[in-house]
Amino acid sequence: MAETANIAQMAEEVSTRIFSLFGWQLCGIFDANYDCCIEDHSKKTHPYDCVFYYDDPRVKKRIYLVTDLKSYAKKTITPKKLDTPLRNIAKAVECAYLSKEWKDEVIHDDVNSYEIHGLLFVYNHDKEFDSNFERFEKSLSGAKLSLPKTSRVFVMNPEKIRFLEMITNDLEKILGQKKISDISEFRFFYPNKLLTPIPETTIERLPIELILYPQIIVNYDTRRYDNQEKIRGYLVYYEGSASSADECHFLLNYILRQRLLSEDHTIEIRAPFASHNHATNFQKAQERLTMQYHNVPEFKTRIDAIKFLSISQATNSFSEKKIGLDRRNRASK
1 MAETANIAQM
11 AEEVSTRIFS
21 LFGWQLCGIF
31 DANYDCCIED
41 HSKKTHPYDC
51 VFYYDDPRVK
61 KRIYLVTDLK
71 SYAKKTITPK
81 KLDTPLRNIA
91 KAVECAYLSK
101 EWKDEVIHDD
111 VNSYEIHGLL
121 FVYNHDKEFD
131 SNFERFEKSL
141 SGAKLSLPKT
151 SRVFVMNPEK
161 IRFLEMITND
171 LEKILGQKKI
181 SDISEFRFFY
191 PNKLLTPIPE
201 TTIERLPIEL
211 ILYPQIIVNY
221 DTRRYDNQEK
231 IRGYLVYYEG
241 SASSADECHF
251 LLNYILRQRL
261 LSEDHTIEIR
271 APFASHNHAT
281 NFQKAQERLT
291 MQYHNVPEFK
301 TRIDAIKFLS
311 ISQATNSFSE
321 KKIGLDRRNR
331 ASK
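In full-length UniProt numbering, the protein residues as written are 1 to 333.
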């Protein structure tokens, strides 16, 4: 069973690394459970892998995510395989609202207003999953889940996790090259025009709804190390492929609608899944957009200054053997 434990820990390692970057924190320990208090569940206890939490500025509440971490090989990722964990985590969320045991263990003493949601984290540990997960999600969406009205169960699929891994790797690389001087100097852009408006346009912790967006925007305001020149800008991480000029045009319009264009901000679109012809498509989209605005020189200059970069698709590889050794080393300390 050691191999199974090592594979399971891969999802722990990846989720903790990713979500810490987005401002989430872990509450309590991994691999816990609490007594079921709803007879209809027909369960003695509700096991869960961990609970992540963050403060959501939109609802002014602390969000707790009861999380089930799954680490599957490509051939084992099927709707049938995911149906039971999805139902179990929904029951766990429903019971958590009623369980004094769970609240005493998880809810912080200084928190009066909170929401509890579920998260099914589906990590593909062999990196070979290349199917469209949407067809799985359509099957899963038909499942009738028993949940409180304010709660949801989110599914984070292998493709999204891979995208988030690449964002994490890229930002760590940028920090290592000292293009941004400190991890505390960047924040996440909040799209007020799409979601519940808040006073700020940037936030320190990214709500799960924004993590699931096809674009995640990092706002930085820092100084260069070499000449102390002040620089401000946006890194627009884009999950799409830019395989057509229309797709690129839509992305540029999104940037425009969010009012990111500014003479003192640079904009870089960074896409790990960019197609081989992304550069040509993006240039066509830039030309089309500037023509729509009658080639106004100042507008054209700002649109032309937007860069579209295809970034490395490298993600962390975890060795079952190494993880097993790490577990034993930690246990011996």
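From the three backbone atoms N, C-alpha and C, an ideal C-beta is built for every residue, glycine too.
Predicted, not measured: the structure shown is a model, and the values here were computed from it.
Pick from T222, P199, F282 that is closest to G240, judged by C-alpha positions: Comparing Cα positions, the closest option is F282.
Apply the 10 Å Cβ neighbour rule to I67 and answer buried if 16 or more other Cβ atoms are within range, or exposed otherwise. Looking at the sequence provided, one finds Thr at residue 67 rather than Ile. Buried.
Drop a sphere of 10 angstroms on the beta-carbon of E12, count the other beta-carbons inside from all chains shown, and report buried for 16 or more, exposed for fewer. A residue is called buried once 16 or more other Cβ atoms fall within 10 Å of its Cβ, and E12 is buried on that count.
Following the continuous alpha helix (DSSP H) through F189, name the residue where it begins and the one where it ends. From DSSP, F189 is part of no alpha helix (DSSP H) but of the beta strand (DSSP E) over 186–189.
Looking at C-alpha atoms only, which residue of H108, K284, N112, H294 is the closest neighbour of V59? Among H108, K284, N112, H294, the Cα nearest to that of V59 belongs to N112.
Is M156 near L119, with beta carbons less than 8 Å apart? It is a contact, given that the beta carbons lie within the stated cut-off.
Do P85 and Y123 have their CB atoms nearer than 8 Å? Not in contact: P85 and Y123 (Cβ atoms no closer than 8 Å).
Check whether the region 209–219 touches the region 65–81, counting contact only when three or more Cβ pairs, one atom from each stretch, lie closer than 8 Å. In this structure the region 209–219 does not lie against the region 65–81, because fewer than three pairs of beta carbons, one per stretch, are closer than 8 Å.
When the Cα of K230 is compared with those of E185, K80, E298, which residue comes out closest? The shortest C-alpha separation from K230 is found at E185.
Can you give me the C-alpha to C-alpha distance between E39 and H117, rounded to a whole angstrom? Taking the straight line from one Cα to the other gives about 21 Å.
In chain order, what are the residue ranges of uninterrupted alpha helix (DSSP H) at least 4 long that sit wholly in the region 243–276? Counting only unbroken stretches of 4 or more residues, the alpha helix (DSSP H) elements lying wholly within the region 243–276 are 245–257, in sequence order.
Please state if the CB of I269 and the CB of V236 are separated by a distance shorter than 8 Å. V236 places its beta carbon less than 8 Å from that of I269.
Quick one: grab the DSSP three-state call for G142. Reliability of the predicted coordinates at G142 is poor, the pLDDT of 49 falling under 50, and no value is obtained from them.
Is it buried or exposed, S15, if we count other Cβ atoms within 10 angstroms and call 16 or more buried? Buried is the label assigned to S15, since at least 16 other Cβ atoms lie within 10 Å of its Cβ.
The beta strand (DSSP E) with E115 in it runs from where to where? That run of the beta strand (DSSP E) goes 114–124.
Note down the Cα distance separating Q215 from H41, rounded to an integer number of angstroms. The straight-line gap separating the alpha-carbon atoms of Q215 and H41 is approximately 38 Å.
Counting along the chain, where does the alpha helix (DSSP H) carrying G176 start and finish? Counting along the chain, the alpha helix (DSSP H) containing G176 begins and ends at 158–176.
Alpha carbon of G23 to alpha carbon of Y54, nearest angstrom: Straight-line Cα distance between these residues: approximately 7 Å.
How many angstroms separate the CA atom of Y34 from the CA atom of V51? If you take the alpha carbons of Y34 and V51, they lie about 13 Å apart.
With distance defined between alpha-carbon atoms, name the residue in R288, H125, R259 nearest to I77. Between I77 and the set R288, H125, R259, the nearest pair of CA atoms involves H125.
In chain order, what residues of the same chain have a beta carbon less than 8 Å from the beta carbon of P197, not counting five sequence neighbours either side? Leaving aside the five residues that flank P197 on each side, none in its chain has a CB nearer than 8 Å to its CB.
Residues near A245 in its chain [Cβ-Cβ closer than 6 Å; skip 5 each side]: The beta carbon of A245 sits closer than 6 Å to those of N281, K284, A285, all from its chain and outside the five residues before and after it, given in chain order.
Collapsed DSSP secondary structure at H46 in the structure displayed: Correct three-state label for H46: strand.
Candidates R162, N88, E172, of which the one nearest Y44 by Cα: The question names Tyr, but residue 44 in the sequence shown is Lys. Minimum Cα distance to K44 is reached at N88.
Between the Cα of I203 and those of Y234, Y97, L147, P57, spot the shortest distance and give me the residue it belongs to. Of the candidates Y234, Y97, L147, P57, the residue whose Cα lies closest to the Cα of I203 is P57.
Of the residues F308, A8, L260, F188, the one placed nearest A274, counting alpha carbons only: For A274, the nearest C-alpha among the options comes from F308.
Compute the distance between the beta-carbons of Y114 and Y64, then report whether it is under 8 Å. Yes. Within cutoff.
Under 8 Å between the Cβ atoms of I306 and A271? Between I306 and A271, the C-beta spacing is not below 8 Å.
So what does G28 bridge to, in DSSP terms? G28 is not bridged to any residue.
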